[in-house]
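In order, the protein sequences belong to chains A and B. The first sequence begins at 182 in our numbering and counts up one residue at a time. The second sequence begins at 3 in our numbering and counts up one residue at a time. We put the CB at the ideal spot given by N, CA and C, even for glycine. Predicted model, so just to flag it, every value in this text is computed and none were measured.
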Amino acid sequence: MHRSEAGVRDVRIMGEGTLGPGRYRDVHVLGSGVIQGECRCRRFKVHGEAELASHIDADSLHVFGTLNVRQGMDARALHVWGTLSAGGDVRGGDVRVFGLMEVHGGLAVDTLNIHGVVTVDGDCQAEWVRCRGGVQIEGLLNAGTIRFDLGGSGLPCVVGEIGAERLEVRRRRDFVAAIIHRILRPGASNRLSAGTIEGDVVTLEDTEADVVRGDQVEIGPGCRIRRVEYKSVYHQADGATVEEVLRV
Amino acid sequence: MEAGQHGHADEDLISKKELLEQTGISYGQLYRWKRKNLIPEAWFIRRSTFTGQETFFPRQQILARIEKIQSMKDDLSLDEMAAMFSPNPARWSLPPHELLKRNIVTKVALDCLNRHAGNPPVLTFAHILSVYAADQALRTGAVNLDEAGLMIQVLTDHYPRWEGRACDLWVVRKLGVTTCCLVANPAEVWFDATAHVAVHLHLAECIEELKLKLAQETEGET
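Here's what the structure looks like:
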């Protein structure tokens, strides 16, 4: 959104309050707020809980509490520490999720950094994705560079399909991950599971997939893959199970 | 009839694997172009095969599109190309004599438009597109002048309704009477056996060609 499209009024809701649709500069919800229609603003912050009846367009949107958007949203910077639920498509620039983000449409962003949990009912696309938490994407995850660090969170990562220029899935081996994995949540699942994975450079660990296709493919320990199709380079580690390998 | 139609449609599909082999592009490039909307979502067709789910594309359209992307990618950014391929027409408007001078349409087709729209001094994109489409049909001899006029009328009258959507134009004759209609895609149309389809035009392709011509000519001048 261009600066000029935002309004000049600052709004702060403390306690309980409702706000009509319109353009604002900064909106801050500290208690419980309902925004009754489409909202455009420069900054939107929720510390308590907020419900948006329609669509929101913001330069920056920070959720520390709970935000429920009935339709879609546009946010240049979207940071979620609490819970965000969107009924439609979400478009964004820099997106960071430390809490929970539920998208009941598609997700299209520039960069996506996941420390918490993200669920997407449709497709997800980004130029750059890093996941240290959990994801559930029903459709296609299409991105330039994707990196999964598994094992630290104990949260499952399930993706319908992955298409990327570069995909790297690693098991975290640092001290914190070891503590979480061995002591705090010993039985937790922390694998990536996907139907089809396609990319130029694909490096996998602890991954289950039906088919992996790529130019350079490396299947590391803990993987269970039914079929690999590669073009130029293939490497398979000892602890990996691959039923069928084909050079195309 | 229906089974025949489907059989025909299957022959015109190309699998993703075959496409990559034939064009020499990589998975990464294909996915990037999809992200940038250079390849429309509707072209990704999911089919079950004996090896599992596979993706297919309409053969001619995807091969033509990839060839265009490869030939233009040194000169234009991905976003510029996306704007060119998008069915949302750019806000181009030109005086009529410019179109003739640049050889984008013929005088005959332009006269058809003038009869319908009453000599507009500046042509909007809707005008340019309708006259371009009619001109294409006239050049192939598929329609006569009255029918070209009909095409122009339908395209300009309904332009606001289909702007930004993929749409097909059909000119159909039956018992010496011609009618023209616009169909929003994706849709399938079947006619009775005595009807004759004179013209079937994919407007998205038409817009793409036209934008390319308009852009090239502009570049040539500067």
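A/Glu379 versus chain B: which residues are under 7 Å apart at the beta carbon?
As a position in the first sequence, residue 379 of chain A is number 198, starting the count at 1. Those within 7 Å of A/Glu379 in chain B are Tyr29.
So which of B/Ala136, B/Lys18, B/Lys70 and B/Leu147 has the shortest CA-CA distance to B/Thr51?
Looking up residue 51 of chain B in the second sequence gives position 49. The shortest C-alpha separation from B/Thr51 is found at B/Lys18.
Under a three-way DSSP split, which group does B/Glu210 fall into?
On the second sequence, position 208 is the one that residue 210 of chain B refers to. Looking at B/Glu210 - three-state DSSP - the assignment turns out to be helix.
Of all the CB atoms in chain D, is at least one closer than 9 Å to the CB of A/Ala324?
Of the protein chains in this structure, namely A and B, none is chain D.
Mind pulling the chain A residues with CB within less than 9 Å of B/Gly54?
Walking along the second sequence from the start, residue 54 of chain B turns up at place 52. Gly376, Thr377, Asp391, Val392, Arg407 and Arg408, listed in chain order.
Tell me whether A/Gly403 is buried or exposed, calling it buried when 16 or more other Cβ atoms sit within 10 Å of its Cβ.
Counting from 1 along the first sequence, the entry for residue 403 of chain A is found at position 222. Its Cβ being crowded by 16 or more others within 10 Å, A/Gly403 is buried.
Checking the sheet assignment: what are the DSSP bridge partners for A/Arg347?
As a first step, residue 347 of chain A must be located in the first sequence, where it is residue number 166. According to DSSP, which records beta bridges pairwise, A/Arg347 is partnered with A/Thr326 and A/Val382.
So with CB distances below 8 Å, who are the chain B contacts of A/Glu232?
Locating residue 232 of chain A in the first sequence gives position 51, counting from the first residue. Under the 8 Å cutoff, chain B gives no residues; its nearest Cβ is about 31 Å from A/Glu232.
For A/Gln306, would you say it is in contact with chain B, using Cβ-to-Cβ distances shorter than 9 Å as the test?
Taking the first sequence and counting its residues from 1, the one referred to as residue 306 of chain A is at position 125. Closer than 9 Å to some Cβ of chain B, the Cβ of A/Gln306 qualifies, so yes.
Can you tell me which residues form a DSSP beta bridge with A/Cys404?
For this step, residue 404 of chain A is matched to residue 223 along the first sequence. Answer by DSSP bridge pairing: none, since A/Cys404 is not bridged.
From A/Tyr411 to A/Val383, what distance separates their C-alpha atoms?
As a working mapping, residue 411 of chain A is identified with position 230 in the first sequence. As a working mapping, residue 383 of chain A is identified with position 202 in the first sequence. Going from the Cα of A/Tyr411 to the Cα of A/Val383 covers about 10 Å.
Please classify A/Gly269: does DSSP put it in a helix, a strand, or coil?
Here residue 269 of chain A refers to the residue found at position 88 when the first sequence is read from its first residue. If DSSP states are grouped into helix, strand and coil, A/Gly269 belongs with coil.
Kindly identify the DSSP beta-bridge partner or partners of B/Asp170.
The sequence position of residue 170 of chain B within the second sequence is 168, counting from 1. Looking at the DSSP assignment, B/Asp170 forms a beta bridge with B/Val185 and B/His204.
Check for me: the alpha helix (DSSP H) holding B/Asn265 runs from which residue to which?
Outside the displayed span of chain B (3 to 224) sits residue 265 of chain B, for which this structure offers no information.
3 or more residues per run - each beta strand (DSSP E) lying fully within the segment 35-110 of chain B:
47-51 and 54-60
Compare the C-beta of B/Arg167 with all C-beta atoms of chain A and state if any pair is closer than 9 Å.
The residue given as residue 167 of chain B occupies position 165 in the second sequence. No, its Cβ sits nowhere closer than 9 Å to a Cβ of chain A.
To which residues of the same chain is A/Leu321 closer than 7 Å at the C-beta, ignoring the five residues directly before and after it?
The residue labelled residue 321 of chain A in the question sits at position 140 within the first sequence. Correct list, in chain order: Asp304, Gly341, Glu342 and Gly344.
In its own chain, which residues sit with a C-beta less than 7 Å from the C-beta of A/Gly315, not counting the 5 before and 5 after it?
In the first sequence, the residue the question calls residue 315 of chain A occupies position 134. So the list reads Val298, Ser334, Leu336, Pro337 and Cys338, once near-sequence residues are dropped.
What number of angstroms, rounded off, separates the C-alpha of B/Val145 from the C-alpha of B/Asp137?
Locating residue 145 of chain B in the second sequence gives position 143, where the first residue counts as 1. Locating residue 137 of chain B in the second sequence gives position 135, where the first residue counts as 1. Rounded to the nearest angstrom, the two C-alpha atoms are 10 Å apart.
Verify the CB distance criterion: does B/Glu23 have a CB-CB separation below 9 Å to chain A?
Locating residue 23 of chain B in the second sequence gives position 21, counting from the first residue. For B/Glu23, the answer is yes, since a Cβ of chain A falls inside 9 Å of its Cβ.
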